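Participant: Quick one: structure below, then a few questions.
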Amino acid sequence: MTTKEYENYYVPAQSHWPIIGAVALFLIAVGAANYVTELKNEQSGYGGYILIAGIAMVVYMMFGWFNNVINESMSGKYSGQMDNSFRQGMSWFIFSEVMFFAAFFGALLYARTFSIPWLDGAGNNAMTGEVLWPDFSATWPLIKTPDGTETTGMGWYGLPLINTILLLTSSVTAHLAHIALEKDNRGQLKFWLGLTVLLGVVFLYCQGLEYAHAYADEMKLYLTSGIYGNTFYLLTGFHGMHVTLGTIMLFVMLVRVFKGHFTPKSHFAFQATSWYWHFVDVVWVLLFVFVYIL
Amino acid sequence: MTTEAIHDSHEHDHHDHKMTGIKRWLFTTNHKDIGTMYLWFAFIMLLTGGALAMMIRVELFQPGLQFIEPDFFNQLTTVHGLIMVFGAIMPAFTGFANWMIPMMIGAPDMALPRMNNWSFWILPFAFSILLASFFMESGAPNFGWTFYAPLSTTYSNGSTAFFVFAVHIMGVSSIMGAINVVVTIMNMRAPGMTYMKMPLFVWTFFITAYLLIAVMPVLAGVVTMVLTDTYFGTSFFNAAGGGDPVMFQHIFWFFGHPEVYIMILPAFGIVSTIIPAFARKRLFGYSSMVYATASIAFLSFIVWAHHMFTTGMPLFGELFFMYCTMLIAIPTGVKVFNWVATMWRGSMTFEVPMLFSIAFVILFTIGGFSGLMLALTPVDFQYHDTYFVVAHFHYVLVTGSLFSIYAGTYYWLPKWTGNMYSDKLSKAHFWCSLISVNILFFPMHFLGLAGMPRRIPDYALQFADFNKWVSIGGFAFGLSQLIFLAVVIKCIRGGEKAEAKPWDGAEGLEWTVPSPAPYHTFEKPPKID
Chain A
1 MTTKEYENYY VPAQSHWPII GAVALFLIAV GAANYVTELK NEQSGYGGYI LIAGIAMVVY
61 MMFGWFNNVI NESMSGKYSG QMDNSFRQGM SWFIFSEVMF FAAFFGALLY ARTFSIPWLD
121 GAGNNAMTGE VLWPDFSATW PLIKTPDGTE TTGMGWYGLP LINTILLLTS SVTAHLAHIA
181 LEKDNRGQLK FWLGLTVLLG VVFLYCQGLE YAHAYADEMK LYLTSGIYGN TFYLLTGFHG
241 MHVTLGTIML FVMLVRVFKG HFTPKSHFAF QATSWYWHFV DVVWVLLFVF VYIL
Chain B
1 MTTEAIHDSH EHDHHDHKMT GIKRWLFTTN HKDIGTMYLW FAFIMLLTGG ALAMMIRVEL
61 FQPGLQFIEP DFFNQLTTVH GLIMVFGAIM PAFTGFANWM IPMMIGAPDM ALPRMNNWSF
121 WILPFAFSIL LASFFMESGA PNFGWTFYAP LSTTYSNGST AFFVFAVHIM GVSSIMGAIN
181 VVVTIMNMRA PGMTYMKMPL FVWTFFITAY LLIAVMPVLA GVVTMVLTDT YFGTSFFNAA
241 GGGDPVMFQH IFWFFGHPEV YIMILPAFGI VSTIIPAFAR KRLFGYSSMV YATASIAFLS
301 FIVWAHHMFT TGMPLFGELF FMYCTMLIAI PTGVKVFNWV ATMWRGSMTF EVPMLFSIAF
361 VILFTIGGFS GLMLALTPVD FQYHDTYFVV AHFHYVLVTG SLFSIYAGTY YWLPKWTGNM
421 YSDKLSKAHF WCSLISVNIL FFPMHFLGLA GMPRRIPDYA LQFADFNKWV SIGGFAFGLS
481 QLIFLAVVIK CIRGGEKAEA KPWDGAEGLE WTVPSPAPYH TFEKPPKID
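First to last, the protein sequences are chains A and B. Residues 1 to 294 in full-length UniProt numbering are what the first sequence spells out, letter by letter. Residues 1 to 529 in full-length UniProt numbering are what the second sequence spells out, letter by letter.
Structure, rendered in structure tokens:
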């Protein structure tokens, strides 16, 4: 830092976007809480509408906020230090996402390593198996729970394998798009980025097919099918939500590329999106190993 | 160089004027405004959570059920805990981080100022959801602030979803706040301020922010599982579906134990700033303090199950977590040794910030020792879920964290307001708090060792005398905090003008700018040698 020329760090003046964001999160929280309560009690109410209003408000905030940031960036207000702030901020955000998934992977591994064997009497829990759950035997996937709910395990061959190939390929194409951007080859950039978006969409479609297949009568793999169904749906579901978000981000980047945004030197938003996409991809690889194969 | 920067900032004022009225606070991107809002919010929450505690102590003044239904009693203990942890202590520290870190490292503001505003404004909304649940048909959450399954799942009342989503948005706020602190410290230090030249205050907030980014998402994960178990028929914490209620405790405490250090590491930073100033000596063992803080942070990730010794873990688990927990005494001991060594042969004076800091060192150490007792698996079976635990964590959180917050407030109040506060009134606040807090919490040790369980609205007759004293101490402590409010309001409204550096032994960049600190400081970074 000492060797660099001093540049002004841009501190924006007042902004109304954060308070809009805070109100939006409030609506989402209140709406979602009301909505799930109504679902459980089979009542009708306004929860769903409040939730949708909150989500719409977040989207509105993002457009407005990012618009400000893009304009500030294009008018040359940002220094290299500002760019660093954005990069570091994004990296730590992704790290927090990693820890979020870690909680669910933790639950999966705990159930497989401890709770299921213990229910069958492993360790010092002989009486748990003997007295409480005499008919239970530990298996993974847990196709029969201690209280007797039956289900089927999802294999790794077929759709999950195809999905793995799709996502791994999309990580490569995202990287190729990045290289093209750095070489200022706009044609290639558009091609590879467009292909990445397409791969994301196809992945989501296949994931939908897989869920439909799992919920069909021959598999009977439901969210409520014991710890196997729980971890399966929460892990793949949250991953799917992240893929959806990542695809939307990639799509926005594509639109911006067509508008002529980004230069080989300055393209933080593109870079952040591509980091996010690689992160989503790594999570999938872990999912594929721990949820499907093992 | 520094004075130039100040001069410069005055020239810039005309094109960067602040808005007036409510808009200034709603739309602000200024770290000082946001810090002020965090501190006021924390204090309002402290009084709210304190009011709930008063109701608890009214009920416990005498044995037998007097005023409150047991279910409402559970709601009080739950919301008291949640408010004090997430609404009072954590936001107060974030307020300090906002106010002081940019000034201490010579930065113009926090690295991401708009996000900073967002982090703050989420909090009032989150806590209004939580508090609103008191007025719902089912009442507020009643399963304890630790929301153990199945109390929070199978047996919870109808407001659980509101609790879950309130915690979710609190978590969003904390994560964004922490990212801001990390990025500010990594990226915005003035030229020449290397990591090992940073004030220890900045170091402790740096490490705390890492802990937050690492564990708040885990809290989000575990409340999500509570939500799906309660509302969508999953069985993460239900043996009938292959899950395990103990798994809840593992995931929760994986968040919960680092959370404990999130609430005490910044306190270490504040006290490490104040003791050298009034002992008029450099902090003893600066680098060992840094390494000790980092070691505590690391160890905090591998001790979580010491909260669960009585759940029937395998023997290896009990031993592993017992020894790891006892290891924490080493870096903590290093810290206490260094504070005492800093005071050793110093030219000490006893202004109010110093009084609170010395009280912190002694009383926090008591809390640390009772923690060491709790760490021993065999004896923990006796102490578990008794008032001994309540005494332990109130010694570290009230006479630890809260006292450090008061110490810090009195230390920097002249810088924030430009005025000196009333010496008499603030000393009255200190002595009233010190005496009442010990009447409040010390007898809880005896109650716990004699076997009084926590979170019960009634108790056996032999506990009556101690409980009476605890309640009296509680009311006195609660009232003493109103003195603090008076001191602060009086100080904001006027008083003897404070110099740029009102404490002759104080060090750091924040004392090189005038008091009150100008709206913008260090628009050009100062040079650090």
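Cβ atoms here follow ideal geometry from the backbone N, Cα and C, with glycine treated the same way. From a predicted model like this one, the values you see are computed outputs, not experimental measurements.
1) To the nearest angstrom, how far is the alpha carbon of residue 8 of chain A from that of residue 423 of chain B?
2) Rounded to whole angstroms, how far is the Cβ of residue 87 of chain A from the Cβ of residue 268 of chain A, which I believe are closer than 8 Å?
3) Using 8 Å for Cβ pairs, my map puts residue 75 of chain B next to residue 134 of chain B. What's the rounded Cβ distance?
4) Give a yes or no on whether 8 Å exceeds the smallest Cβ distance from residue 190 of chain A to chain B.
5) From which residue to which residue does the alpha helix (DSSP H) around residue 282 of chain B run?
6) Taking only three categories from DSSP, how would you classify residue 419 of chain B?
7) Around the Cβ of residue 530 of chain B, are there at least 16 other Cβ atoms within 10 angstroms (buried) or fewer (exposed)?
8) What residues from the region 97-113 of chain A come within 9 Å of chain B, judged by C-beta to C-beta, listed N to C?
9) Quick check on residue 347 of chain B - is its C-beta less than 8 Å from some C-beta in chain A?
10) Please give me, in chain order, every unbroken run of the beta strand (DSSP E) with length at least 3 that falls completely inside the region 370-428 of chain B.
11) Any C-beta of chain B sitting closer than 8 Å to the C-beta of residue 55 of chain A?
12) To the nearest angstrom, how far is it from the Cα of residue 469 of chain B to the Cα of residue 398 of chain B?
13) How would you label residue 126 of chain A, buried or exposed, when you count the other beta carbons within 10 angstroms and need 16 or more for buried?
14) Which residues in chain B have a C-beta closer than 7 Å to the C-beta of residue 26 of chain A? List them in chain order.
15) Return the first residue and the last residue of the alpha helix (DSSP H) that residue 19 of chain A is part of.
16) Would DSSP call residue 144 of chain A helix, strand or coil?
17) Using three-state DSSP, classify residue 453 of chain B as helix, strand or coil.
18) Can you list, in chain order, the stretches of the alpha helix (DSSP H) that have 4 or more residues and sit fully within the region 217-274 of chain A?
19) By alpha-carbon positions, which one of B:209, B:259, B:284 and B:446 ends up nearest to residue 146 of chain B?
20) Can the beta-carbon of residue 175 of chain B be found closer than 8 Å to that of residue 212 of chain B?
21) Verify whether the separation of the beta carbon atoms of residue 342 of chain B and residue 275 of chain B is less than 8 Å.
22) Who are the Cβ neighbours of residue 281 of chain B in its own chain at under 7 Å, not counting the five residues just before and after it?
23) Could you give the distance in angstroms between the alpha-carbon of residue 227 of chain A and the alpha-carbon of residue 195 of chain B?
24) Which residues does DSSP pair with residue 497 of chain B in a beta bridge?
25) Taking the Cβ atom as the reference point for each residue, do residue 112 of chain B and residue 183 of chain B lie within a distance shorter than 8 Å?
26) Report yes if the CB atom of residue 452 of chain B is closer than 8 Å to the CB atom of residue 383 of chain B, and no otherwise.
27) Nearest CA to the CA of residue 456 of chain B: which residue from B:404, B:476, B:483 and B:390?
28) Is the beta carbon of residue 428 of chain B sitting closer than 8 Å to the one on residue 472 of chain B?
29) Look at the alpha carbon of residue 295 of chain B and the alpha carbon of residue 148 of chain B, and state the distance between them as a whole number of angstroms.
30) Secondary structure at residue 351 of chain B, three-state DSSP: helix, strand or coil?
31) For residue 77 of chain B, I'd like the list of residues in its chain whose CB is within less than 7 Å of its CB, leaving aside the five on either flank, ordered along the chain.
32) Can you give me the C-alpha to C-alpha distance between residue 203 of chain A and residue 201 of chain B, rounded to a whole angstrom?
33) Taking just the CA atoms, how far does residue 318 of chain B sit from residue 177 of chain B?
34) Is residue 507 of chain B helix, strand or coil when you go by DSSP?
35) Among A:248, A:149 and A:283, which residue has its Cα nearest to the Cα of residue 59 of chain A?
36) Which residues of the region 218-236 of chain A have a Cβ closer than 9 Å to any Cβ of chain B? Give them in chain order.
Facilitator: Working from what's here:
1) Start at 1 with the first residue of the first sequence, and residue 8 of chain A comes out as number 8. Start at 1 with the first residue of the second sequence, and residue 423 of chain B comes out as number 423. Residue 8 of chain A and residue 423 of chain B: Cα-Cα distance of roughly 41 Å.
2) The sequence position of residue 87 of chain A within the first sequence is 87, counting from 1. The sequence position of residue 268 of chain A within the first sequence is 268, counting from 1. Right, their Cβ atoms sit about 7 Å apart.
3) Locating residue 75 of chain B in the second sequence gives position 75, counting from the first residue. Locating residue 134 of chain B in the second sequence gives position 134, counting from the first residue. Yes, residue 75 of chain B and residue 134 of chain B are in contact; Cβ-Cβ is about 7 Å, under 8 Å.
4) Against the first sequence, residue 190 of chain A aligns to sequence position 190. By this cut-off, residue 190 of chain A is not an interface position.
5) In the second sequence, the residue the question calls residue 282 of chain B occupies position 282. Segment: none, residue 282 of chain B is in no alpha helix (DSSP H) and carries neither H nor E.
6) Position 419 of the second sequence holds residue 419 of chain B. Residue 419 of chain B falls in the strand class under three-state DSSP.
7) Outside the shown range of chain B (1 to 529) lies residue 530 of chain B, about which nothing can therefore be said.
8) 97, 98, 99, 100, 101, 102, 103, 104, 106, 107, 110 and 111
9) Along the second sequence, read from residue 1 onward, the residue named residue 347 of chain B stands at position 347. No, its Cβ sits nowhere closer than 8 Å to a Cβ of chain A.
10) none
11) Taking the first residue of the first sequence as position 1, residue 55 of chain A is located at position 55. False, the Cβ-Cβ gap to chain B never drops below 8 Å.
12) Here residue 469 of chain B refers to the residue found at position 469 when the second sequence is read from its first residue. Here residue 398 of chain B refers to the residue found at position 398 when the second sequence is read from its first residue. The straight-line gap from Cα to Cα measures roughly 18 Å.
13) Indexing the first sequence from 1 puts residue 126 of chain A at position 126. That one is exposed.
14) In the first sequence, residue 26 of chain A corresponds to position 26, counting from 1. Correct list: 125.
15) Here the question's residue 19 of chain A lines up with position 19 in the first sequence. Its alpha helix (DSSP H) spans residues 17-41.
16) Counted from its first residue, the first sequence places residue 144 of chain A at position 144. Strand, per DSSP.
17) Position 453 of the second sequence holds residue 453 of chain B. In this structure, residue 453 of chain B counts as strand in the three-state DSSP scheme.
18) 226-258
19) The residue given as residue 146 of chain B occupies position 146 in the second sequence. When only C-alpha atoms are compared, the closest one is B:259.
20) The residue you call residue 175 of chain B lines up with position 175 of the second sequence. The residue you call residue 212 of chain B lines up with position 212 of the second sequence. Yes, the pair counts as a contact, with Cβ atoms nearer than the cut-off.
21) The sequence position of residue 342 of chain B within the second sequence is 342, counting from 1. The sequence position of residue 275 of chain B within the second sequence is 275, counting from 1. Their beta carbons are under 8 Å apart, which means residue 342 of chain B touches residue 275 of chain B by this criterion.
22) As a working mapping, residue 281 of chain B is identified with position 281 in the second sequence. Result list for residue 281 of chain B: 342 and 346, in chain order.
23) Residue 227 of chain A sits at position 227 when you count from the first residue of the first sequence. Residue 195 of chain B sits at position 195 when you count from the first residue of the second sequence. Taking the straight line joining both Cα atoms gives about 46 Å.
24) Taking the first residue of the second sequence as position 1, residue 497 of chain B is located at position 497. Answer is B:419.
25) Position 112 of the second sequence, counting from 1, holds the residue named residue 112 of chain B. Position 183 of the second sequence, counting from 1, holds the residue named residue 183 of chain B. In this structure, residue 183 of chain B lies closer than 8 Å to residue 112 of chain B by Cβ.
26) Within the second sequence, the letter at position 452 stands for residue 452 of chain B. Within the second sequence, the letter at position 383 stands for residue 383 of chain B. No, these two residues do not count as a Cβ contact at 8 Å.
27) Within the second sequence, residue 456 of chain B is the residue found at index 456, counting from 1. Checking every option, the nearest Cα to that of residue 456 of chain B belongs to B:390.
28) Mapped onto the second sequence, residue 428 of chain B falls at position 428. Mapped onto the second sequence, residue 472 of chain B falls at position 472. In this structure, residue 472 of chain B does not lie closer than 8 Å to residue 428 of chain B by Cβ.
29) Locating residue 295 of chain B in the second sequence gives position 295, counting from the first residue. Locating residue 148 of chain B in the second sequence gives position 148, counting from the first residue. Spanning the two alpha carbons is a distance of roughly 29 Å.
30) Taking the first residue of the second sequence as position 1, residue 351 of chain B is located at position 351. Three-state DSSP puts residue 351 of chain B in coil, outside helix and strand.
31) Here residue 77 of chain B refers to the residue found at position 77 of the second sequence. Only 56, 144 and 455 meet the Cβ criterion.
32) Stepping through the first sequence from its first residue, residue 203 of chain A is reached at position 203. Stepping through the second sequence from its first residue, residue 201 of chain B is reached at position 201. About 48 Å.
33) Sequence index remark: in the second sequence, residue 177 of chain B carries index 177 (1-based). Sequence index remark: in the second sequence, residue 318 of chain B carries index 318 (1-based). Straight-line Cα distance between these residues: approximately 35 Å.
34) Working through the second sequence from its first residue, we reach residue 507 of chain B at position 507. Residue 507 of chain B: coil per DSSP, three-state reduction.
35) By 1-based counting over the first sequence, the position of residue 59 of chain A is 59. Minimum Cα distance to residue 59 of chain A is reached at A:248.
36) 222, 223, 224, 225, 226, 227, 228, 229, 230, 231, 233 and 234
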